[in-house]
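Student:
There are 2 protein chains.
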Amino acid sequence: MITCKNLKKSYLIGGENLEILKGIDLTISQGEFVAIMGPSGSGKSTLMNILGLLDVPTSGEFHINSVTPGSLTDDNMAKIRSRTVGFVFQQFNLLARTSAFDNVQLPSLYTGTRRHSIHRAKDLLTAVGLGDRMDHPPSQLSGGQQQRVAIARSMMNDPEMILADEPTGNLDGKSQTEIMALFSGLNATGKTVILITHEADVAAYARRIITIRDGLIVSDVPNIPP
Amino acid sequence: MITCKNLKKSYLIGGENLEILKGIDLTISQGEFVAIMGPSGSGKSTLMNILGLLDVPTSGEFHINSVTPGSLTDDNMAKIRSRTVGFVFQQFNLLARTSAFDNVQLPSLYTGTRRHSIHRAKDLLTAVGLGDRMDHPPSQLSGGQQQRVAIARSMMNDPEMILADEPTGNLDGKSQTEIMALFSGLNATGKTVILITHEADVAAYARRIITIRDGLIVSDVPNIPP
Ligand SMILES: Nc1ncnc2c1ncn2[C@@H]1O[C@H](COP(=O)(O)OP(=O)(O)OP(=O)(O)O)[C@@H](O)[C@H]1O
Ligand SMILES: Nc1ncnc2c1ncn2[C@@H]1O[C@H](COP(=O)(O)OP(=O)(O)OP(=O)(O)O)[C@@H](O)[C@H]1O
Ligand SMILES: [Mg+2]
Ligand SMILES: [Mg+2]
Chain U
11 MITCKNLKKS YLIGGENLEI LKGIDLTISQ GEFVAIMGPS GSGKSTLMNI LGLLDVPTSG
71 EFHINSVTPG SLTDDNMAKI RSRTVGFVFQ QFNLLARTSA FDNVQLPSLY TGTRRHSIHR
131 AKDLLTAVGL GDRMDHPPSQ LSGGQQQRVA IARSMMNDPE MILADEPTGN LDGKSQTEIM
191 ALFSGLNATG KTVILITHEA DVAAYARRII TIRDGLIVSD VPNIPP
Chain Y
11 MITCKNLKKS YLIGGENLEI LKGIDLTISQ GEFVAIMGPS GSGKSTLMNI LGLLDVPTSG
71 EFHINSVTPG SLTDDNMAKI RSRTVGFVFQ QFNLLARTSA FDNVQLPSLY TGTRRHSIHR
131 AKDLLTAVGL GDRMDHPPSQ LSGGQQQRVA IARSMMNDPE MILADEPTGN LDGKSQTEIM
191 ALFSGLNATG KTVILITHEA DVAAYARRII TIRDGLIVSD VPNIPP
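Going down the list, the protein sequences come from chains U and Y.
Mind the numbering: the first sequence is residues 11 to 236 in our numbering, read in order.
Mind the numbering: the second sequence is residues 11 to 236 in our numbering, read in order.
1) Cβ atoms of Gly70 of chain U and Arg91 of chain U: under 8 Å apart, would you say?
2) Would you say the beta carbon of Tyr215 of chain U is closer than 7 Å to some non-hydrogen atom of ligand 1?
3) Do the CB positions of Leu135 of chain U and Phe102 of chain U come within less than 8 Å of each other?
4) For the region 183-208 of chain Y, which residues have a beta carbon sitting closer than 9 Å to at least one beta carbon of chain U?
5) Check each residue of the region 211-225 of chain U: if its Cβ is closer than 9 Å to any Cβ of chain Y, include it; give the result in chain order.
6) For Thr37 of chain Y, I'd like the list of residues in its chain whose CB is within less than 8 Å of its CB, leaving aside the five on either flank, ordered along the chain.
7) Which class does Phe102 of chain Y belong to by DSSP, given the choice of helix, strand or coil?
8) Among Y:Pro232, Y:Val95 and Y:Gly179, which has the Cα closest to the Cα of Glu209 of chain U?
9) Please return the same chain residues whose Cβ sits closer than 6 Å to the Cβ of Arg163 of chain U, not counting the five positions on each side in sequence.
10) Looking at Met58 of chain Y: is its Cβ nearer than 8 Å to the Cβ of Asp175 of chain Y?
11) Could you tell me the alpha carbon to alpha carbon distance between Phe97 of chain U and Ala213 of chain U, rounded to whole angstroms?
12) Could you name the residues of the same chain whose beta carbon sits closer than 6 Å to that of Ser127 of chain U, not counting the 5 residues immediately before and after it, in chain order?
13) Once DSSP output is grouped into helix, strand and coil, what is the label at Gly53 of chain Y?
14) Taking 8 Å as the cut-off, decide whether the C-beta atoms of Gly200 of chain Y and Gly41 of chain Y are in contact.
15) Counting only runs that start and end within the region 176-210 of chain U, where is the alpha helix (DSSP H) found for 4 or more residues in a row?
16) Any idea what DSSP makes of Pro147 of chain Y, helix, strand or coil?
17) For a test of the three-state rule: what should DSSP assign to Arg163 of chain U, helix, strand or coil?
18) Note down, in chain order, all residues in the region 134-147 of chain U with a beta-carbon under 9 Å from any beta-carbon belonging to chain Y.
19) From the DSSP output, which residues share a beta bridge with Met11 of chain U?
20) With a threshold of 7 Å (Cβ to nearest heavy atom), would Ser149 of chain Y be considered close to ligand 3?
21) Give the interface partners of Glu176 of chain U over in chain Y, defined as CB-CB distance under 8 Å, in chain order.
22) Measure the beta-carbon distance from Ala106 of chain Y to Ile219 of chain Y and round it to whole angstroms, keeping in mind my assumption that it falls under 8 Å.
23) Using a Cβ-Cβ distance under 8 Å, would Gly24 of chain U count as near chain Y?
24) Just by C-beta distance, which residues in the region 42-53 of chain Y are closer than 9 Å to chain U?
25) Exposed or buried, Arg158 of chain Y, counting other C-beta atoms within 10 Å across all chains shown (16 or more means buried)?
26) By the DSSP assignment, the alpha helix (DSSP H) with Ala45 of chain U in it spans what residues?
27) Considering only heavy atoms of ligand 4 and the C-beta of each residue, which residues fall inside 7 Å, strictly closer?
28) What is the rounded straight-line gap between the Cα of Pro67 of chain U and the Cα of Ala216 of chain Y?
29) Tell whether a beta-carbon distance below 8 Å holds between Asn197 of chain U and Phe43 of chain U.
30) Scan the region 89-108 of chain Y for residues whose Cβ lies nearer than 9 Å to a Cβ of chain U and list them as they occur along the chain.
31) Could you work out which residues of chain U lie near Gln150 of chain Y, taking near to mean beta carbons separated by less than 8 Å?
32) Does the beta carbon of Arg93 of chain Y fall short of 7 Å from some heavy atom of ligand 1?
33) Can you give me the C-alpha to C-alpha distance between Asp211 of chain Y and Met171 of chain U, rounded to a whole angstrom?
34) For Ala174 of chain U, list the residues DSSP reports as bridge partners.
35) Whole angstroms is fine: what's the gap from Ile234 of chain U's alpha carbon to Ile204 of chain U's?
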């Protein structure tokens, strides 16, 4: 369960205060499937980085499962993050000289759940269509293949919540359908899925569509997937 | 004018020969507007890197403006590339600790055409909607903003040909329309535009749509833009 009240984020740049998030009020319950849309530069990734405990708000209230991340030490924040959140970054953020298989397995090294990790990493890579590319590092993978490695990695620790930032930006229609089926399947088991997208046919899979414009939520409506 | 005959590209990986392009026959004339589509991992970026003189084929014929790039020294290939081709990379490839403005201006440093470069870089950044983000480095730009810096940079040297690899993957509808208007405008002045996309509404702007599947062209059809 995530709650935000009057959440703000700003940067001090060149001596000026640049306000990115201007007061976000938001509640997302466990098990929801939410799509976040909005213009380029409107603050979607900034918000998702805060929800994923990768960044802190400048002001406002933010609670995740009745814990206030702002009051935690960096270590405790990292611990909660690695167990609770699976993150798919907009730019993938894979380790460069590391195979697809080792990239996917990485999250299990942080939480110490090594026992089934080899099987699980292989199953996840096969589920995203990369069974024959496991030993390729990012430089030997296409853009969409790297994106799918990042998606598999986000699911490694079986987190309660998956945050995916533009997860289908580099995928053709068929790969996109396979990935959205994966997210829908996860959500059907009770996981919370929050994804940022600019593609309406991706947002259509969600049961709730939030639109952000210029750092504020301008609409928040239920959606019935086709 | 680009001509390819039985163009192949393969990699030796783990002792095995992995064939990516399996015999591409293709002619693209000056001034065409071409979209290349196809599944993730089918070889689109690999082909575009060869057409953009950033990589060499393993075998087959390849000519650009009656020059055979394979017979050139690296230096001469770089010279022709910097004057002839504007490239928008799938992962943007911006310089990290460098402002948007300096990133856009960079190509003019290679060709020595500095005189108008300051004005031109500013005009291009304004044309892609980033007039108020010129001094931000990539880490202070959103994904779609970085993509638009890469698009502006590709146009800096006013090249004869623009190769754009998934140029709208991180853009919302309005930004996408603005960028496609920019490409269409360039093409109307006689520049060749070749773009890779998986979005049908982006490919619709082109007058020719080529589909690649598993390293081969499976269809090559004219298209009438709406
Ligand atoms: N350096 C390399 N060594 C080995 N294989 C490679 C290398 N670079 C790319 N590949 C493989 O070549 C194939 C084609 O890659 P390419 O990047 O051209 O695909 P693409 O059509 O652009 O895909 P996408 O739509 O996902 O960007 C992929 O299966 C990839 O794994
Ligand atoms: N470190 C930073 N310092 C200053 N400004 C920043 C920083 N990071 C992001 N910004 C600015 O914050 C705004 C929002 O960025 P954000 O990445 O959240 O946008 P977005 O909605 O995800 O856009 P996109 O759809 O293009 O990915 C942008 O205008 C960007 O320039
Ligand atoms: Mg973003
Ligand atoms: Mg590609």
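In this text, a Cβ means the ideal position worked out from N, Cα and C, and glycines have one as well.
Tutor: According to the structure data:
1) For Arg91 of chain U and Gly70 of chain U, no; Cβs fall outside 8 Å.
2) No, the beta carbon of Tyr215 of chain U sits no closer than 7 Å to any heavy atom of ligand 1.
3) Between Leu135 of chain U and Phe102 of chain U, the C-beta spacing is not below 8 Å.
4) Answer in chain order: Gly183, Lys184, Ser185, Gln186 and His208.
5) Taken residue by residue, none of the region 211-225 of chain U has a beta-carbon sitting less than 9 Å from a beta-carbon on chain Y.
6) Taken in chain order, the residues that qualify are Met11, Ile12, Thr13 and Cys14.
7) Correct three-state label for Phe102 of chain Y: coil.
8) The shortest C-alpha separation from Glu209 of chain U is found at Y:Gly179.
9) Here the set comprises Asn113 and Val114.
10) Taking 8 Å as the cut-off, the beta carbon of Met58 of chain Y is found closer than this to the beta carbon of Asp175 of chain Y.
11) The straight-line gap separating the alpha-carbon atoms of Phe97 of chain U and Ala213 of chain U is approximately 18 Å.
12) Taking Ser127 of chain U as the centre and dropping the five residues before and after it, the same chain places the C-beta of Gln115 and Ser118 closer than 6 Å to its C-beta, in chain order.
13) DSSP places Gly53 of chain Y in coil when its eight states are reduced to three.
14) Closer than 8 Å, so yes.
15) Counting only runs that start and end inside the region 176-210 of chain U, the alpha helix (DSSP H) elements of at least 4 residues fall at 183-198.
16) Assigned with DSSP and collapsed to three states, Pro147 of chain Y falls in coil, not helix or strand.
17) Here Arg163 of chain U sits in helix by DSSP.
18) Shown in chain order are the members of the region 134-147 of chain U whose Cβ falls below 9 Å from a Cβ of chain Y: Gly139, Leu140, Arg143, Asp145 and His146.
19) Partner(s): none; Met11 of chain U has no beta bridge.
20) No, since every heavy atom of ligand 3 falls outside the 7 Å radius drawn around the Cβ of Ser149 of chain Y.
21) Going along chain Y in sequence order, the residues near Glu176 of chain U (Cβ under 8 Å) are Gly153, Gly179 and Asn180.
22) Not quite, the Cβ-Cβ distance comes to about 35 Å (not below 8 Å), so this is no contact.
23) It does; some Cβ of chain Y falls within 8 Å.
24) Taking 9 Å as the cut-off between beta carbons, the residues of the region 42-53 of chain Y near chain U are Met47, Gly48, Pro49, Ser50, Gly51, Ser52 and Gly53, in sequence order.
25) By the Cβ neighbour-count rule, Arg158 of chain Y is buried, with 16 or more other Cβ atoms within 10 Å of its own.
26) Boundaries around Ala45 of chain U are those of the beta strand (DSSP E), Phe43 to Met47, since no alpha helix (DSSP H) includes it.
27) Contact residues of ligand 4 (beta-carbon closer than 7 Å to any heavy atom; chain order) are U:Ser152, U:Gly153, U:Gly154, U:Asn180, Y:Lys54, Y:Ser55, Y:Gln100, Y:Asp175, Y:Glu176 and Y:Ile206.
28) If you take the alpha carbons of Pro67 of chain U and Ala216 of chain Y, they lie about 43 Å apart.
29) In contact: Asn197 of chain U and Phe43 of chain U (Cβ atoms closer than 8 Å).
30) The region 89-108 of chain Y vs chain U, Cβ under 9 Å: Gln100, Gln101 and Phe102.
31) From the beta-carbon of Gln150 of chain Y, the residues of chain U found nearer than 8 Å are Tyr21 and Ile23.
32) Because no heavy atom of ligand 1 lies under 7 Å away, the Cβ of Arg93 of chain Y does not count as near it: no.
33) Between Asp211 of chain Y and Met171 of chain U, the C-alpha separation is close to 32 Å.
34) Beta bridge pairing from DSSP links Ala174 of chain U with U:Val98 and U:Leu205.
35) In a straight line, the C-alpha of Ile234 of chain U is about 16 Å away from that of Ile204 of chain U.
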